[in-house]
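Data first, discussion second: the structure below is written as structure tokens.
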Amino acid sequence: MSDRLTQLQECINEQAGHFCNSIGILQGSATPCGFDTNKELQADMHCDNYASFIARTAKDIELLIDSIPIEENMNDLNKEELTTANDKRKELSDQLVDAMDDGEELLSHLREKLDQIAQVQINSRPNK
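The numbers in the numbering used here rise by one with no breaks, and the one at position 65 of the sequence shown is 518.
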């Protein structure tokens with residue numbers, strides 16, 4: 454289901470892009486008066502293109518919404534998947550905490566050794 458939602462979000466973003474681009478084309482090709490026929494023909498062509506883009510994307514959005522499964526049918530399956538995913542998340546979270554503890558211990562040990570090295574270097578300097 455998440456794949457369908459991702460596809461739906463992508464289609465909605467694409468539709469928003471079509472709306473923005475079509476408004477930009479309309480603004481760019483709008484003339485204060487109707488004497489320039491070349492711009493009018495170009496604007497008509499762009500209008501047709503963007504109208505078809507918007508209509509096609511709207512249909513894609515409608516199909517994706519219709520293909521999303523109904524919650525009632527997927528309820529038991531979703532519970533099992535969520536329980537499994539939650540157990541896996543807890544396991545990975547525990548592993549992460551253990552790794553962080555090990556990392557902090559190693560960092561502490563490394564700092565001690567660096568302090569020792571710094572002290573040896575200070576002590577080995579000749580007194581002037």
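Backbone N, C-alpha and C fix where the C-beta goes; we use that ideal spot for every residue, glycine too.
These numbers were taken from a predicted model, which means no experiment stands behind them.
{"Item": "As assigned by DSSP and simplified to three states, the class of residue 521", "Value": "coil"}
{"Item": "Per-residue burial, residue 464 [other beta carbons within 10 Å of its own, 16 or more giving buried]", "Value": "buried"}
{"Item": "Rounded straight-line distance, which links the Cα of residue 574 to that of residue 535", "Value": "57 angstroms"}
{"Item": "Which of helix, strand or coil DSSP assigns to residue 542", "Value": "helix"}
{"Item": "Per-residue burial, residue 510 [other beta carbons within 10 Å of its own, 16 or more giving buried]", "Value": "buried"}
{"Item": "Backbone CA spacing between residue 514 and residue 560 [nearest angstrom]", "Value": "52 angstroms"}
{"Item": "Rounded distance between the beta-carbons of residue 518 and residue 471, thought under 8 angstroms", "Value": "The pair is not a contact, with the Cβ atoms about 18 angstroms apart (cut-off 8 angstroms)."}
{"Item": "Where residue 468 falls: helix, strand or coil (DSSP)", "Value": "helix"}
{"Item": "Contact under 7 angstroms by Cβ, residue 546 with residue 503", "Value": "no"}
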